[in-house]
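First comes the structure, then the notes that go with it.
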Amino acid sequence: MRVRSICLSTVSTVFFTVSSAACVSDSDDATEWREVVDALPSGVPISVEITTPADSTVLAPGPVQVTGFATIGETAPIAETTLAYVVDVSGSTLGGGGCGGDLNGDDLVDTVLDCEIAALIELNKLAAANGTIADVGAAVFGTFGATADVQPGGTDNDLLTEPDADLDMDMDIDIDEVLRSLKTGLVGEFTDHVVGGGTSYGAGLSAIEPALSASTQANKVVIFVSDGNNNLSPHINQVLPTLPADAVVHTFAIGASSTCDPVVVLGTLQDISDATGGSCTEVPDVTELPDIIPSVVAAELISLELTVDGKPEPIDSIVPALPQEGPAMLAYSTLVEGLTPGVHVLCATAAGVDVIAKGDVTECSMIRVTRAPPPM
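Dropping the structure here:
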C-alpha cells in the first residue's frame, strides 16, 4: 500500500510566500512517497517529487536509479491576483481586418475593437477557469480615460468583480457585458462614460489606477491593448508612479502599423511594460489577438534540475519534454553513478513561470551508501 502525502510548509522566496501546515493523503498500490507543493506568484500550484530513492534509504554500492515527477496546475490554485483590462477605444479601432463579428452591436463587423473585445473575453474565460484570479477590473481610453463600472446595480463606480460573476443573473458574465458595451470613444456598461477618439496611454493608465488601488490581492496584473501611437498627454511618466508598486503591466501593440517602441515623446507601450516588469507583444495580424492575449495568463513548467550533494546531475529522461503549459505532469528518471560510501543528498527542483514572474519548488532525499563488503 502506498500513502501519498502532499504537504505544504511555510516557504519564502523573492517571488512568493506560501504558508500551510496541512498534509493530505490518498492511497494506491506501491511504496510510500512524498510530494512537495508550492505556488507560483499568481497562485498556480507547482510540485516536484523524488519517488525513488526515498528519503533515508540505505543502498548498497553501485549505480542509483533516481525517479520522480513534477506537475504544474494539477492541484487546487490560490486566487490572489487582480486582473485588469485597459482597452483602446480610439477612432482607429473602427478599422477593419479584425475578428469576432459584431461583438459590440455597432453594426460594424470584424473591426479592431471587435477583436480586442473577443480577445479579452477569451482571456477572462481562461482566468475564471484557472482559479488564480480573484477579481477583475477594466478601463477604457481615447482622448481621455474612464474606469469601468463592472457591477450591475449598486453604485456607478464598482471597480472590481469576480471574473465569473453574474450579479444580475441574466446568464451573461458581468465583465463580458462591460467589454461588449465598448464602442468607439465610450464604454456603455454598467455606467456610460465618453472618452473621445484620440489616443492617450497616460489617460488609460490613470483610469485603471482606482481599480488597482482598490484591490486587496497580493498580485495585480494589467493587460493594456492599443492599435495606435500615444499622441496625447499626460506623459506616461506622470502617471506610472501613481500605480501600486506591485502592478505589472503587459502591453500589446495591435495591427501592422503599431509597434512597441515607436518614436514618440509621451511614452511607448515598451516604456510602460519596462517600467512595471511586464512585457510588450506586437500583434501585426489583428486576427491573432484572441489566441495571443490569453497565453499571458498561462503558466509553464520550464525546467527540471537534479543535484547530488549540491552539484548538477544530468537527467536522462523527462517525459513529456519541457516546457509544458499547465495543467501538466511529467516523469523523470536518471542513473546516478560514482557515489562513494557515506551520506548523499539528492535534490530535484522544478521551475515554472506565470504572468507575474518565475518560481520554483525543491524536494530533497538523503540517502546512505554502504561500504562494499570485504572480499571473501
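If you use mature numbering (1 follows the signal peptide of the UniProt record, and there is no 0), the sequence shown corresponds to residues -21 to -1, 1 to 355, in order. C-beta atoms are modelled at their ideal positions from N, C-alpha and C, and glycine is treated no differently. Just so we're clear, the structure is a prediction, and the values are computed from it rather than from any experiment.
Between the Cα of residue i and those of the options, spot the shortest distance and give me the residue it belongs to.
{"i": "Lys290", "options": "Thr31, Thr328, Ile271", "result": "Thr328"}
{"i": "Arg159", "options": "Val315, Asn208, Asp270, Val129", "result": "Val129"}
{"i": "Gly75", "options": "Val265, Pro352, Ala300", "result": "Val265"}
{"i": "Tyr180", "options": "Ile154, Val228, Thr134, Asp149", "result": "Val228"}
{"i": "Gly80", "options": "Asp147, Thr349, Glu95", "result": "Glu95"}
{"i": "Asp145", "options": "Val157, Ala182, Leu82", "result": "Val157"}
{"i": "Gly207", "options": "Gly305, Asn109, Gly121", "result": "Gly121"}
{"i": "Thr170", "options": "Pro131, Lys337, Glu342, Gly234", "result": "Pro131"}
{"i": "Ala39", "options": "Gly321, Asp333, Val340", "result": "Gly321"}
{"i": "Asp17", "options": "Ile294, Ala351, Leu280", "result": "Leu280"}
{"i": "Leu211", "options": "Ser192, Ala182, Ala232", "result": "Ala182"}
{"i": "Glu14", "options": "Ser21, Ala107, Pro42, Phe48", "result": "Phe48"}
{"i": "Thr50", "options": "Arg347, Met345, Asp339", "result": "Asp339"}
{"i": "Gly52", "options": "Lys337, Asn109, Asp151, Leu139", "result": "Asn109"}
Would you verify that the beta carbon of residue i is, or is not, closer than 8 Å to some beta carbon of chain D?
{"i": "Leu325", "result": "Although the question refers to chain D, the structure presented lacks it and comprises just one protein chain."}
Buried or exposed, going by whether 16 or more other CB atoms sit within 10 Å of the CB of residue i?
{"i": "Ala1", "result": "With a pLDDT of only 32 at Ala1, under the threshold of 50, the placement of this residue in the model should not be trusted; the figure read from the coordinates follows. Counting Cβ neighbours within 10 Å, Ala1 comes out exposed, since fewer than 16 surround it."}
{"i": "Glu28", "result": "buried"}
{"i": "Gln303", "result": "buried"}
{"i": "Thr111", "result": "buried"}
{"i": "Asp93", "result": "buried"}
{"i": "Val3", "result": "Because the pLDDT of Val3 is 33, which lies under 50, any placement of that residue in the model is unreliable, and the question is left without a value."}
{"i": "Ala278", "result": "buried"}
{"i": "Pro32", "result": "buried"}
{"i": "Asn216", "result": "exposed"}
{"i": "Cys78", "result": "buried"}
{"i": "residue 374", "result": "As shown, the chain starts at -21 and ends at 355. That puts residue 374 outside it, with no answer to give."}
{"i": "Gly263", "result": "Correcting the residue identity first, residue 263 is Pro in this sequence and not Gly. Pro263 comes out exposed."}
{"i": "Ala118", "result": "buried"}
{"i": "Asp5", "result": "Its pLDDT being 37, under 50, Asp5 is placed unreliably by the model, and the measurement read from it follows with that caveat. When all chains shown are included, Asp5 counts as exposed."}
{"i": "Pro293", "result": "exposed"}
{"i": "Pro352", "result": "exposed"}
Under three-state DSSP, which class holds residue i?
{"i": "His215", "result": "Note on residue identity: the sequence assigns Ile, not His, to residue 215. Of the three classes helix, strand and coil, the one that applies to Ile215 here is helix, per DSSP."}
{"i": "Asn198", "result": "strand"}
{"i": "Cys78", "result": "coil"}
{"i": "Pro352", "result": "coil"}
{"i": "Thr90", "result": "coil"}
{"i": "Thr31", "result": "strand"}
{"i": "Ala336", "result": "coil"}
{"i": "Ser205", "result": "strand"}
{"i": "Ala98", "result": "helix"}
{"i": "Gly47", "result": "strand"}
{"i": "Leu314", "result": "strand"}
{"i": "Leu105", "result": "helix"}
{"i": "Pro189", "result": "helix"}
{"i": "Pro24", "result": "strand"}
In this structure, what does DSSP give as the bridge partners for residue i?
{"i": "Gly331", "result": "Leu280, Gly338"}
Ignoring anything shorter than 3 residues or poking outside the stretch 110 to 186, list the beta strand (DSSP E) runs there in chain order. 112 to 120, 124 to 126
For the stretch 227 to 309, which segments carrying the alpha helix (DSSP H) assignment without a break, of at least 4 residues, lie completely within its bounds, in sequence order? Entirely contained in the stretch 227 to 309, the alpha helix (DSSP H) runs reaching 4 residues are, in chain order, 248 to 255, 268 to 271.
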